[in-house]
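Enquirer: In the working numbering, the protein residues as written are 81 to 449.
Following this message is one structure expressed as structure tokens.
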Amino acid sequence: MLEVCRHWYNLCLEERKTAWEESGVSIGKFFQLSRVKEYKQFYGVGLHSHMLQVVVQDLDKAFQNFFRRVKAGETPGYPRFKGADRFDSIGLKEYGNGFKIDGRRLHVTGIGRIRVRWHREIEGQIKTVRLRKQAGEWFACFSCDVPDSPSPVPTDMEVGIDVGIHHLAATSDGEVIENPKWYRGAQKKLRVAQRRVSRRTKGGSNRRKAIVQLQKQHEHVKNCREDYLNKLAYWLIQHYDRIAIEDLTIKGMVRNHHLSKSIMDAGWGYLKQRLMSKAEEAGRQVILVNPAFTSKTCSNCGQEIQGLTLADRWVTCPCGLSEDRDVNAAKNILARANQKASHTAGSAVCGVSTEDALWLPQEASQIYL
């Protein structure tokens with residue numbers, strides 16, 4: 081089924097590409113959806129038609145993202161043809177029509193009852209499912225309609241967070257969260273697995289097995305990182321009403337070849353994304369501030385600390401300040417967030433730059449505007 085859907089994806093992409101290059105005609109989603117029944121008669125016998133329809137929708141999303149990037153002046157990234165190792169999922173879009181839960185098994189049309197290891201109970205009403213192959217294993221990802229959960233109790237607490245490499249994060253309350261360095265800790269096993277792949281003959285079954293083992297090692301590192309950062313984001317959302325973080329340009333920072341591996345291993349971008357998404361659900365507030373000179377400025381007197389380098393982990397100031405460098409930066413981040421919040425509260429939101437942006441939950445932003 082996965083191979084048939086991949087072939088259909090490439091066929092639809094070729095049709096769009098050829099029509100535009102040869103005739104200047106733009107083929108849309110609805111035209112290709114109308115051809116699903118025709119294609120199914122020749123290639124997809126036994127497949128549910130929703131699987132092929134989802135493929136067309138995925139391709140249309142890829143083109144919409146391409147046009148959005150072109151309009152924004154970003155690197156376009158034209159949709160590409162999918163090889164056997166680049167197409168990993170099939171989807172069904174209506175519960176009871178193509179898939180359903182049968183006891184403790186998942187019933188899929190054309191496959192039958194599939195044994196599933198349920199790692200948690202399904203909440204709400206199931207809408208769609210996507211079957212995904214990842215690191216040699218299959219996963220069923222359900223999309224459910226879930227009622228709004230009650231918001232956490234207001235705490236009237238606020239915090240500034242400074243992320244780093246030496247410490248994963250430091251808070252303005254003086255707490256320091258160590259960096260587990262997941263990738264560097266697993267580098268020895270990854271190196272062995274990678275060399276095992278490189279020694280195998282291309283196209284052989286032993287090479288495919290070695291690649292799966294390498295994928296599982298990378299998957300384990302990713303799962304460890306995401307689990308840790310998810311728990312950290314949950315703890316911050318539960319304890320603080322307002323969270324101030326730096327609006328870092330990570331894409332530019334990883335150009336430093338000496339620090340790029342450590343920066344990507346820390347997962348700053350993932351932590352920021354989780355904080356913002358969970359804050360919206362919980363009714364909390366996240367403020368993004370300009371990170372410039374937050375480490376080199378004294379949080380007590382506001383003067384710039386001269387001669388500070390990345391190797392200096394403790395800062396001292398003639399005014400009497402003596403504390404951890406990251407904690408000092410976290411206090412400056414919180415102070416800037418309070419300044420921006422008070423300044424924005426007295427004026428219109430429009431015209432605020434990206435580094436000074438105030439991010440609010442949807443309900444609050446409607447009132448605020």
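Backbone N, C-alpha and C define an ideal beta-carbon position, used for all residues, glycine too.
Could you tell me the alpha carbon to alpha carbon distance between SER357 and SER231, rounded to whole angstroms?
Expert: So the alpha carbons of these two residues sit roughly 14 Å apart.
Enquirer: Report the three-state DSSP secondary structure of ALA428 (helix, strand or coil).
Expert: Model confidence at ALA428 stands at a pLDDT of 39, short of 50, so the residue's coordinates are unreliable and nothing is read from them.
Enquirer: How long is the line joining the alpha carbons of THR126 and ARG193, rounded to whole angstroms?
Expert: The question names Thr, yet the displayed sequence has Gly at residue 126. Taking the straight line from one Cα to the other gives about 15 Å.
Enquirer: What separation, rounded to the nearest whole angstrom, lies between the Cα atoms of SER427 and GLN365?
Expert: Reliability fails at SER427, whose pLDDT of 47 lies under 50, so the model's placement of it is uncertain and the value that follows must be treated cautiously. Distance between the alpha carbons of SER427 and GLN365 is about 18 Å.
Enquirer: Three-state secondary structure (DSSP) at ARG115?
Expert: Coil.
Enquirer: Drop a sphere of 10 angstroms on the beta-carbon of ILE325, count the other beta-carbons inside from all chains shown, and report buried for 16 or more, exposed for fewer.
Expert: It is buried - the Cβ of ILE325 has at least 16 other Cβ atoms within 10 Å.
Enquirer: Select from LEU132, LEU82 and GLN137 the residue whose C-alpha is nearest the C-alpha of LYS109.
Expert: Residue GLN137 is the option with its Cα nearest to LYS109.
Enquirer: According to DSSP, is LYS180 part of a helix, a strand, or is it coil?
Expert: Strand.
Enquirer: Using only alpha-carbon positions, find the residue among LYS268, GLU154, LEU172 and SER340 that is nearest to SER223.
Expert: Closest option to SER223, Cα to Cα, is LEU172.
Enquirer: Using the C-alpha atoms, what's the distance from ALA346 back to ASN336?
Expert: Approximately 15 Å between the Cα atoms of the pair.
Enquirer: I'd like the list of long-range same chain contacts for GLU94, defined as Cβ closer than 8 Å, with 5 residues on each side in sequence excluded.
Expert: If we look at GLU94 and ignore the five residues flanking it on each side, its Cβ neighbours are PHE161.
Enquirer: Between GLU201 and LYS207, what straight-line distance do the alpha-carbon atoms span, to the nearest angstrom?
Expert: Cα to Cα, the separation comes out at about 15 Å.
Enquirer: Buried or exposed: where does ARG86 fall if 16 or more other Cβ atoms within 10 Å of its Cβ makes it buried?
Expert: ARG86 comes out buried.
Enquirer: Closest to ALA391 by C-alpha separation, out of PHE167, MET131 and HIS247, would be which residue?
Expert: Measuring from the Cα of ALA391, the nearest candidate turns out to be HIS247.
Enquirer: Evaluate contact between the region 258-265 and the region 296-311, counting only Cβ atoms and requiring at least three cross-stretch pairs below 8 Å.
Expert: Verdict: yes, contact present.
Enquirer: Have a look at GLN446 and ALA359 and give me their C-alpha separation to the nearest angstrom.
Expert: Confidence in GLN446 is poor, its pLDDT being 35 and thus under 50, which makes the residue's placement too unreliable to answer from.
Enquirer: For a quick check, are the C-beta atoms of ALA250 and VAL407 less than 8 Å apart?
Expert: Yes, these two residues count as a Cβ contact at 8 Å.
Enquirer: What are the boundary residues of the beta strand (DSSP E) that ALA249 is part of?
Expert: ALA249 -> beta strand (DSSP E) spans 247-251.
Enquirer: Under the DSSP definition of a beta bridge, which residues are partnered with GLU326?
Expert: Partner(s): VAL369.
Enquirer: With a threshold of 16 other CB atoms inside 10 Å of the CB of LYS376, please say whether the residue is buried or exposed.
Expert: It counts as buried.
Enquirer: Kindly indicate which three-state DSSP category ALA220 falls into: helix, strand or coil?
Expert: Note: ALA220 maps to strand in three-state DSSP.
Enquirer: In whole angstroms, what separates the C-alpha of ASP140 from that of HIS128?
Expert: In a straight line, the C-alpha of ASP140 is about 20 Å away from that of HIS128.
Enquirer: For GLY349, which three-state DSSP category applies?
Expert: Correct three-state label for GLY349: helix.
Enquirer: Within the same chain, show all residues whose beta-carbon is closer than 8 Å to that of ASP168, passing over the 5 residues directly before and after it, in chain order.
Expert: Cβ neighbours of ASP168 beyond the five flanking positions: LEU82, ARG212, LYS213 and GLN214.
Enquirer: Following the continuous beta strand (DSSP E) through GLN513, name the residue where it begins and the one where it ends.
Expert: This structure cannot speak to residue 513, because the chain is shown only from 81 to 449.
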